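In my numbering, the protein residues as written are 3 to 105.
To keep things clear, I will list the structure first and then write my remarks on it.
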Amino acid sequence: GKATAVRALITEDFRSAFCDVDAIVTPTTPTPAFKLGEKTANPLEMYLADIFTVPVNLAGVPAISVPSGRTKEGLPLGFQIIAPWWGEASLFEIGRVVEKRYN
C-alpha cells in the first residue's frame, strides 16, 4: 500500500511539473560513467548509479539519456530528458538537438 501511495505522489509531482514546462532535464547518473568492470564487486553501488532513472519509471513518463560530453579521463557524460506522457515526439526532437551539439 505504501509503495502505491509513493508511486502516486511521484506521478502527481510529474503531472504538476508538466503544467509549467515542456520537458525536464536531470542527470542520468549521480557520477560520471565508470570503467567497464569497475563496480562489479559492489552491486549496490551499481544499482545506485541508476537511481535518477527510478522516478521516471515509477511514473511511466518517457525519458531518454543523451550524451553531453566527456570527463577529463575521456569517460562519457550524459543527462536525461524527461517528457510528459505521450510526449515522445518532443523528447526525440530535443534529444536530437542535444546530441548534434555534443557530437
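Note that the Cβ used here is the ideal one computed from N, Cα and C, for glycine as well.
Here the structure is a predicted model, which is why all the values come from computation and not from measurement.
Look at Ala85 here: in three-state DSSP terms it is coil, with no helix or strand label.
Around the CB of Leu93, 16 or more other CB atoms lie within 10 Å, so the residue is classed as buried. In the assembly as shown, Gly76 is an exposed residue. Its beta-carbon has fewer than 16 other beta-carbons within 10 Å. If you look at Ile66, you'll find it in the beta strand (DSSP E) that goes 65-72. No residue range can be given for Thr30, since it is assigned to no beta strand (DSSP E) and is classified by DSSP as neither H nor E.
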